[in-house]
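Here the structure is laid out as structure tokens; the discussion comes afterwards.
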Amino acid sequence: MSQAPIPANEQERLDALHALELLDSPAEAMFDHITALAAQICNTPIALISLVDAQRQWFKSRVGLDVEQTARELAFCAHAVAADAPLEVDNALDDARFRDNPLVTSDPHIRFYAGVPLHDAQGLALGTLCVIDRQPRHLDSHQHAQLQHLAHLTGELFELRLQARRQAEQSAMHQAMLDNAGSAVLVLDPQGRVLRSNPEAQQLLGYSPDDLEDRYLPQLLLEPGQYERLCTACSSGPQSTEGQMRARSGQHLPVRLNLSPIRAEGQQLQGYLLVANDLSQREEARQRLQRIAAQLPGMVYQYLLRADGSSCFPYASAGIRDVYGCTPEEVSEDAGPILARLHPDDASQVHAAIARSAASLSTWHQEYRVLHPLHGPLWVEGRAAPQRLPGGETLWHGFISDISERKRSEQLQNEFVSTVSHELRTPLTAIAGSLGLINGGALGAVPEQMQQMLEIAQSNSQRLRKLIDDLLDIDKLVAGKMRFDLQPLALRPLLEQALHNNQPYAEHHGVQLLLLPGIDCQVTADAQRLEQVLANLLANAAKFSAAGQSVELAAVPKDGCVRISVRDHGQGIAPDFKPRIFSKFAQADAGDTRRQGGTGLGLAISKEIIEHMGGRISFDSVEGQGSTFWLDLPQVGVQS
6 MSQAPIPANE QERLDALHAL ELLDSPAEAM FDHITALAAQ ICNTPIALIS
56 LVDAQRQWFK SRVGLDVEQT ARELAFCAHA VAADAPLEVD NALDDARFRD
106 NPLVTSDPHI RFYAGVPLHD AQGLALGTLC VIDRQPRHLD SHQHAQLQHL
156 AHLTGELFEL RLQARRQAEQ SAMHQAMLDN AGSAVLVLDP QGRVLRSNPE
206 AQQLLGYSPD DLEDRYLPQL LLEPGQYERL CTACSSGPQS TEGQMRARSG
256 QHLPVRLNLS PIRAEGQQLQ GYLLVANDLS QREEARQRLQ RIAAQLPGMV
306 YQYLLRADGS SCFPYASAGI RDVYGCTPEE VSEDAGPILA RLHPDDASQV
356 HAAIARSAAS LSTWHQEYRV LHPLHGPLWV EGRAAPQRLP GGETLWHGFI
406 SDISERKRSE QLQNEFVSTV SHELRTPLTA IAGSLGLING GALGAVPEQM
456 QQMLEIAQSN SQRLRKLIDD LLDIDKLVAG KMRFDLQPLA LRPLLEQALH
506 NNQPYAEHHG VQLLLLPGID CQVTADAQRL EQVLANLLAN AAKFSAAGQS
556 VELAAVPKDG CVRISVRDHG QGIAPDFKPR IFSKFAQADA GDTRRQGGTG
606 LGLAISKEII EHMGGRISFD SVEGQGSTFW LDLPQVGVQS
């Protein structure tokens, strides 16, 4: 492991870092939003704002990592700071600088790293905005550009944060002083007429001292009645609010207004002291973030689910118009306009997925349809990371993109596959039947060498017929033509029958199927289709287990459902294959999988069947330690 060199301007850099008062400060939402957005854009589990101190790197914001700091000598970020340039490591195990780094060889097992230096106003590199993955990868040019945009914004927010802290300190210390440094101050009579002003107020509003005096504050505030409401509230003490002031040029200025009553010794009201802090820089930073978001495909957003069940979108990029046909302002307080545009057939599953994500704080990921007021039905894909707030609310940070074109392509592919499958089925049936008759001796004995070739041909025709049957099943499921007879079913007998039916196949592979003790209950399902899914899962588990191993079938109650699981002790599933495991024709690249055969459609069919029965299917797997495939089905008599 090689340590990063110390920059030539190290002392100057450290002085600038300490001056920003960021080290060991509490978490702040504006920085957490940036790391959440960086992780979403780069599709990585970890994103950090890392500040490189003398002996450590400390994380101002972190997503997907529990520790607050690590030693500087181990820090990838120290290399980016030393070079003052972006650093990308596709696979740390292939890089001599990092392959034996404890952060690579042990938790968090870094494989991929990409970091962009964070600069202060003087251009000094203070740390990095970085994204990390536990598996090798490479960012595309778009992700590189967006990461650099976010790093630039983060550096600007460092400066804006410091300025905001300074202004807040000054307001707290000097708000009753006319010459409040850095803030506009107006002294008002009880009716709101300006008696005196300081240079900051004159510069902010664009008036000379003479022009500003004798004006009334209500004329300078955009919101009607705001001054009167503040004065009324001031009877109980100083008041603070945000608003807008009208400058002489006509420009509308966002400001923080602090109004304090001025009283004589006898508590008689003499007037008011108004301190106005310019929020233009904060507004500019917000607009810069919006411009960055506008360059991203689809819609970047925050979704807030309140404790009382109501919801809203505190932030939504301009892409909301393309996805939902409404404006960010329409949903900033109430998500109703968006929820009303969910397709009626998809709304319940979207709401259910949100509830599951909120309960488990797991990533929300859903494909569903939206009824756009101008463009009609659209297919969209959404993904978001949830965050529990102190008040019990849940806040998601995520994005939604239009996938209608992809869905149209999939539909064309399905129609093509369906047509080809139907056309092949009839001649293939005749071929398979003829080969069966010949191999059965209907034409008499054939030479041994020809017999072997005929048996191979019959075996391959049967495999091809199985592939076509699977393709037709997929076609029926996608088209909604497969019939489902959903009934309350006693689960235990179904599991015993599935074990009995698949035991000969398992014994052929030297594997024992075991049914673990469990609950005796009823589920809502189609018996034939559930048996088809269980047969697929048990066959896969047996096929990929070593001789002498066992496969366990179990059922346990879980959140109003019954979880049926099939666990094996085989080689597990490679991380890079996990996202594709339920895709059609998906097969791992390992030679062992190819030798075992299969069409690559079994799990895709199983997923469609379980979802059509109102359940869900997924898996847990550690490479080298086996896999557990599980499915949840509604339990009869239990409300989830």
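In the numbering used here, the protein residues as written are 6 to 645.
The beta carbon of each residue, even a glycine, is placed where N, CA and C say it ideally should be.
Nonlocal neighbours in the same chain, by C-beta distance under 8 Å from residue i, ignoring five residues either side
| i | result |
| --- | --- |
| L274 | P195, P266, I267, R268 |
| Q527 | P493, L494, A495, L496, Q640, V641, G642 |
| D89 | P12, P122, A130 |
| H257 | L227, Q249, M250, R251 |
| A101 | S7 |
| H377 | V328, Y329, G330, R346, L383 |
| L638 | V528, T529, A530, L535, C566, V567, I569, I615, M618, G619, G620 |
For residue i, the first and last residue of its enclosing beta strand (DSSP E)
| i | result |
| --- | --- |
| C135 | 130-138 |
| V121 | 117-124 |
| L56 | 51-57 |
| F81 | Element bounds for F81: not the beta strand (DSSP E) but the alpha helix (DSSP H), 81-88. |
| V68 | 61-68 |
| D625 | 621-626 |
| H259 | The question names His, yet the displayed sequence has Pro at residue 259. Here the beta strand (DSSP E) through P259 covers 257-268. |
| L638 | 632-639 |
| D216 | Unbroken run through D216 is the alpha helix (DSSP H), 214-217; no beta strand (DSSP E). |
| S245 | 244-251 |
| S570 | 566-572 |
| T75 | 74-76 |
| N282 | 274-283 |
| E93 | 92-94 |
| M304 | 304-310 |
| F318 | 316-321 |
Buried/exposed call for residue i, threshold 16 Cβ in 10 Å
| i | result |
| --- | --- |
| A360 | exposed |
| T237 | exposed |
| M304 | buried |
| Q391 | A quick correction: the sequence has Pro, not Gln, at residue 391. The residue is buried, with at least 16 neighbouring Cβ atoms inside 10 Å. |
| E228 | exposed |
| V72 | exposed |
| I610 | buried |
| I524 | exposed |
| G661 | Only positions 6 to 645 of the chain appear in the structure, and residue 661 is not among them; the question remains open. |
| L92 | buried |
| Q502 | exposed |
| E613 | buried |
| T133 | buried |
| T332 | exposed |
Element boundaries [alpha helix (DSSP H), containing residue i]
| i | result |
| --- | --- |
| F404 | Counting along the chain, F404 falls outside any alpha helix (DSSP H), though it belongs to the beta strand (DSSP E) covering 399-407. |
| G607 | 607-617 |
| H38 | 34-47 |
| I325 | 325-329 |
| R18 | 15-24 |
| Q208 | 204-210 |
| C239 | Unbroken run through C239: none, as it is neither H nor E. |
| Q224 | 222-225 |
| L108 | 107-110 |
Minimum Cβ-Cβ distance from residue i to chain D less than 8 Å
| i | result |
| --- | --- |
| D564 | The question asks about chain D, but that chain is absent: this structure has only one protein chain. |
Residues near residue i in its chain [Cβ-Cβ closer than 7 Å; skip 5 each side]
| i | result |
| --- | --- |
| P214 | S202, Q207 |
| G629 | Q576, G577 |
| A595 | Low confidence applies here, because A595 scores a pLDDT of 43, under 50, leaving its location unreliable; read the following figure in that light. Nothing meets the Cβ criterion. |
| L309 | S316, C317, P319, E398, L400 |
| A181 | Note that A181 has pLDDT 46, beneath the 50 cutoff, so the model's placement of it is unreliable and no number is given. |
Other residues of its chain near residue i: CB distance less than 6 Å, five sequence neighbours each side excluded
| i | result |
| --- | --- |
| T3 | Past the boundaries of the shown model lies residue 3; the chain is included only from 6 to 645, so the question cannot be answered. |
| L191 | V199, S202, A206, L279 |
| A532 | L494 |
| Y221 | G197, R198 |
| R388 | H370, G403 |
| I569 | A560, L636 |
| R67 | L53 |
| G120 | C82, A85, L92, T133, C135 |
| Q517 | S555 |
Contact test: residue i Cβ vs the ligand FMN heavy atom, cutoff 7 Å
| i | result |
| --- | --- |
| S241 | Ligands displayed in this structure: none; no statement on the ligand FMN is therefore possible. |
| query | Does the count of Cβ pairs from the segment 111-120 and the segment 23-43 closer than 8 Å reach three? | reply | No, the segment 111-120 does not touch the segment 23-43.
| query | Contact between the segment 36-54 and the segment 136-148: three or more CB pairs below 8 Å? | reply | Result yes; three or more Cβ-Cβ pairs closer than 8 Å.
| message | Please give the ranges of any alpha helix (DSSP H) in the segment 339-404, keeping only runs that are unbroken, at least 4 residues long and fully inside the region. | response | Every alpha helix (DSSP H) stretch that sits fully inside the segment 339-404 and reaches 4 residues is listed by chain position as 341-344, 352-365.
| query | Touching or not, the segment 553-565 and the segment 614-627, by the rule of three or more beta carbon pairs under 8 Å? | reply | Below 8 Å, too few C-beta pairs join the segment 553-565 and the segment 614-627 to call them touching: fewer than three.
| request: Go through the segment 497-556 residue by residue and report every complete run of the alpha helix (DSSP H) that reaches 4 residues or more, in order. | output: Listed in chain order, they are 532-548.
| said: Three Cβ pairs or more, each shorter than 8 Å: is that satisfied between the segment 143-150 and the segment 66-84? | reply: With a cut-off of 8 Å, the segment 66-84 and the segment 143-150 do not count as touching, because too few Cβ pairs lie within range.
| query | Three or more C-beta pairs closer than 8 Å, one from the segment 308-318 and one from the segment 330-337: is that the case here? | reply | By the criterion of at least three beta-carbon pairs nearer than 8 Å, the segment 308-318 is in contact with the segment 330-337.
| task | Say whether the segment 532-549 touches the segment 502-513, bearing in mind that this needs 3 or more beta-carbon pairs closer than 8 Å, one atom from each stretch. | result | Output reads yes: the segment 502-513 touches the segment 532-549.
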